[in-house]
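*Asks:* Residue numbers (this note's numbering), protein chains in the order written: chain A, 817 to 1039; chain B, 13 to 650.
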Ligand SMILES: Cc1cc2nc3c(=O)[nH]c(=O)nc-3n(C[C@H](O)[C@H](O)[C@H](O)COP(=O)(O)O)c2cc1C
Ligand code: SF4
Ligand code: SF4
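#1: Measuring alpha carbon to alpha carbon, tell me which residue in B:285, B:336, B:450 and B:299 is nearest residue 167 of chain B.
#2: Counting only runs that start and end within the region 441-515 of chain B, where is the alpha helix (DSSP H) found for 4 or more residues in a row?
#3: Taking only beta-carbon positions, decide if residue 928 of chain A is within less than 8 Å of chain B.
#4: Checking 8 Å against the spacing of the C-beta atoms, do residue 881 of chain A and residue 898 of chain A come in under that value?
#5: To the nearest angstrom, how far is it from the Cα of residue 66 of chain B to the Cα of residue 138 of chain B?
#6: Let me know if residue 25 of chain B comes out buried or exposed under the rule of 16 or more other beta-carbons within 10 Å of its beta-carbon.
#7: Relative to the C-alpha of residue 116 of chain B, which candidate in B:70, B:253, B:144 and B:151 has its C-alpha closest?
#8: Here's the rule I'm using: 16 or more other beta-carbon atoms within 10 Å means buried, otherwise exposed. How should residue 834 of chain A be labelled?
#9: Kindly give me the distance between the Cβ atoms of residue 64 of chain B and residue 82 of chain B, rounded to whole angstroms, as I take these residues to be in contact under 8 Å.
#10: Given a threshold of 16 other Cβ atoms within 10 Å of its Cβ, counted over all protein chains shown, does residue 1024 of chain A qualify as buried or as exposed?
#11: Relative to the alpha-carbon of residue 576 of chain B, which residue among B:609, B:607, B:479 and B:611 has its alpha-carbon at the smallest distance?
#12: Buried or exposed for residue 253 of chain B, please, with buried defined as at least 16 other CB atoms from any protein chain shown within 10 angstroms of its CB.
#13: Judging by CA-CA distance, which residue of B:98, B:223, B:378 and B:495 is the nearest neighbour of residue 345 of chain B?
#14: Tell me, please, which residues DSSP counts as bridged to residue 314 of chain B.
#15: Which one or two residues does DSSP pair with residue 153 of chain B in a beta bridge?
#16: According to the neighbour-count rule (16 or more other Cβ atoms, all chains shown, within 10 Å of its Cβ), is residue 623 of chain B buried or exposed?
#17: Just grab the DSSP bridge partners of residue 954 of chain A for me.
#18: With DSSP collapsed to three states, give me the class of residue 527 of chain B.
#19: In chain B, which residues lie less than 8 Å from residue 947 of chain A when you measure between Cβ atoms?
#20: Looking at C-alpha atoms only, which residue of B:431, B:436 and B:204 is the closest neighbour of residue 446 of chain B?
#21: List, from N- to C-terminal side, the alpha helix (DSSP H) runs of 4 residues or more that fit wholly inside the region 113-181 of chain B.
#22: I'd like to confirm something about residue 213 of chain B: is its beta-carbon nearer than 7 Å to some heavy atom of ligand 1, or not?
#23: Less than 8 Å between the CB atoms is what I'm expecting for residue 553 of chain B and residue 481 of chain B, so what's the real figure, rounded?
#24: Do residue 624 of chain B and ligand 1 come close, with the Cβ less than 7 Å from some heavy atom?
#25: Spell out the partners DSSP gives residue 408 of chain B in its beta bridges.
#26: Compute the Euclidean distance between the alpha carbons of residue 305 of chain B and residue 295 of chain B, then round it to the nearest angstrom.
#27: Which residues does DSSP pair with residue 211 of chain B in a beta bridge?
#28: Along the region 838-871 of chain A, where does the CB come closer than 7 Å to a CB of chain B? Name the residues.
#29: Apart from the five residues on each side of it in sequence, which residues of its chain come closer than 7 Å, Cβ to Cβ, to residue 903 of chain A?
#30: According to a CB-to-CB cut-off of less than 8 Å, which residues of the region 471-496 of chain B neighbour chain A?
#31: Spell out whether any CB of chain B is found under 8 Å from the CB atom of residue 938 of chain A.
#32: Please confirm if residue 342 of chain B has its CB atom under 8 Å from at least one CB of chain A.
#33: Using 7 Å as the cut-off, classify the Cβ of residue 206 of chain B as near or not near the heavy atoms of ligand 1, replying yes or no.
#34: Which of the three DSSP states, helix, strand or coil, is assigned to residue 14 of chain B?
#35: So residue 409 of chain B and residue 373 of chain B are in contact, right, with Cβ under 8 Å, and what is the actual spacing, rounded?
#36: Report the three-state DSSP secondary structure of residue 1036 of chain A (helix, strand or coil).
Right, here's the structure in full:
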């Protein structure tokens, strides 16, 4: 396998030719915010729009997940334009996120909090308005609580459920603003074909999929 | 394909051609008048099928047996239904605004009698001394029909009509050329894709041809989801074979055996006519196995798309063909290197394909001589909105917007003032009066903030509010967003909320700043071109008409008097006629009553701004006006 050398944030890096820039950076300890990237997936979803970086010779910032490394590539993950796009994308996600860290069991291990810290932005957007969908929480399942209002549509749970374990309970449905992760015909998780591996909880970056025991107090206190 | 085979290809085609010619000639040999009714969707919407029936019925009553056939769209959609009568001794005459009564008269007086009914004439198809011809129209100076040349003149359901008018001869010649020669010719012609992006067609074919991997695919993109655009529909309904011939030549040049035509299912007539055309082409071995005896085989399948706007985007279209959700993916790889099922795939627009046979027939130099330095050939536009001659036009690239709107389109109706033109549909932009002398081509439009897009051209006049127009187009793209990526799914939603507030008079200066910043970010940050272009109407209206935005936010005033929340209906006391109460009864909410002096007054609390009273007030009084902001209504009246 041929290798190439490239520079990310001034750091000299050697990688296999054809490798994906995002994973090369992450594997070399250089963080680039991301939600929808899945290592084993052959084609990046490129949907969260958080992993913008600046590559020398390219006019506009590009998403790292859709770039392959090339010889002599010079990458800046902290460029102002790249970061401002990432911040905007994050801000958009958060403006439609049911933000309630104080009561969210995910708080502390939530990737959204982590990304906000990295980008130096608040979780609650000051500029944008709240655009919520107010979807019903699915607490039918004995082990899982699913709150679609906290979902950022990264698709990790779907990938884990379908491509990884061969069970296709979760999937994307609807278009545009209504796009969401749901079960076939929106049936409750409890009566879906879920085989209770609960792997999805582990991959969810947010508090959208949570183990039931942790969420009980929150749900009862809210209802 | 090979030299020793060329005589067979040529002679096989010669046979087909001579049959088609005699079939076409029969129409005219009978010595009877030939009647043509335009029954494309535009004609049908205006009642062409009733006209057709009236003609047939009247012919029967009169006992006349003359050929009647249905054709497609002539481009004069404003004057539909159109009927063309070709009578020996007269030039072929086109009649406009025909209804069943006029149709009967035309049969009685012109087909049977000898009165060409000049009062109903739109224009003759040929120059003559009797009736003004289309060539005498001011628009004729500017129009140049390459893609639309057959539209409205031939029966799209009869392949013989197409062949007799020069169709498929290019295919027979192309099969005797090498694929490389064809690609070179198309490259030299400078043809750029007509689907919006304007990428060199020859180059696209070459990349696909040279990419290893089999099988390869060729796809005709006829999704056309742009509201207000109907060029591709009209071409498929009026001259489907020109597109099919283009696709077959593409396939031969690129090395493809399987092709698709992706039409939106909402175009049932186009679907039907393409299906008939494919069947007929196959029957004559212009399509299918070993075309015209060559060793080139190619098959085309018709695919009915669900009709989502985003499915016109090539990667979403491919996903949809594969049976997946119609959502775009990141490019590169572009389809010519990795398309349908990951194989090299050429995707071309209807108009691009329809240009191909013409280029090969007339030569690359001919095509390259038309248009501007960087954009060759013609542009097809669907004229809509506040324009006298709605319909289809085809003009050389480089024609100015003013020529298209005022000379070809005959300007703005009802003596109103031109305000702006939205080009390229929801992905395009709104250009103001100062841009009217812009020569239209791919680059000039992009520079001005609009884009060629698919060719929708919506003309706006003084009564159109630019904020509302931006909101309208953004609402469309927001609704059509597939929802995959953050910027388009949520960014357009935020922008729409801001625009809605401004049209409601609830916007602030800060809103405009956020709107601008969001527009910029959605444009750079979105995954596919739907999102990347969605902000264009907002950005261009902000660029050229920021004053109107300002009026909304600082004065609560809608200068075009269009935004409902910012206007009030008011009856001018000095104009209102005491004895008249035309408006009173029409008001659905009983908001109008006479005062002591019998002057009618609107109760602003009750008024729902339905505009009925304004329509009802007799023109000689013209007493009802719209005022903005609503506070303009004199206090005593409120
Ligand atoms: C949202 C969106 C909608 C599109 N719709 C169409 C369409 O209806 N017809 C079309 O030919 N191209 C459409 N395109 C452009 C196609 O992606 C593609 O560029 C084109 O079909 C290539 O053909 P051409 O090179 O002949 O222009 C669309 C692009 C986008 C982003
Ligand atoms: S539920 Fe969690 S893992 Fe699944 S798409 Fe939403 S945020 Fe991602
Ligand atoms: S830009 Fe819009 S249509 Fe395109 S991928 Fe993103 S969400 Fe889908």
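Quick reminder that beta carbons are idealized off the backbone N, C-alpha and C, glycines included. Remember, predicted model here, so these are calculated numbers, not experimental data.
*Replies:* Quick answer:
#1: B:285
#2: 454-459, 478-492 and 504-515
#3: no
#4: The answer is no: Cβ separation not under 8 Å.
#5: 26 Å
#6: That one is buried.
#7: B:70
#8: exposed
#9: 7 Å
#10: buried
#11: B:479
#12: When all chains shown are included, residue 253 of chain B counts as buried.
#13: B:223
#14: B:273
#15: Looking at the DSSP output, residue 153 of chain B sits in no beta bridge, so it has no partner there.
#16: exposed
#17: A:962
#18: helix
#19: 502, 505, 506 and 509
#20: B:431
#21: The region 113-181 of chain B contains these whole alpha helix (DSSP H) runs: 171-176.
#22: yes
#23: That pair is a contact at about 7 Å.
#24: no
#25: Bridge pairing for residue 408 of chain B: B:390 [DSSP].
#26: Between the C-alpha atoms of residue 305 of chain B and residue 295 of chain B there is a straight-line separation of about 13 Å.
#27: DSSP lists no partner for residue 211 of chain B.
#28: 859, 860, 862, 863, 864 and 865
#29: 935 and 937
#30: 490, 491, 492, 493, 494, 495 and 496
#31: Closer than 8 Å: no.
#32: yes
#33: yes
#34: Its pLDDT being 48, under 50, residue 14 of chain B is placed unreliably in this model, and the value from its coordinates should be taken loosely. Coil at residue 14 of chain B, not helix or strand.
#35: At roughly 20 Å, the Cβ-Cβ gap does not stay under 8 Å, so residue 409 of chain B and residue 373 of chain B are not in contact.
#36: Since pLDDT at residue 1036 of chain A reaches only 40, below the 50 mark, its modelled position is unreliable, and no value is offered.
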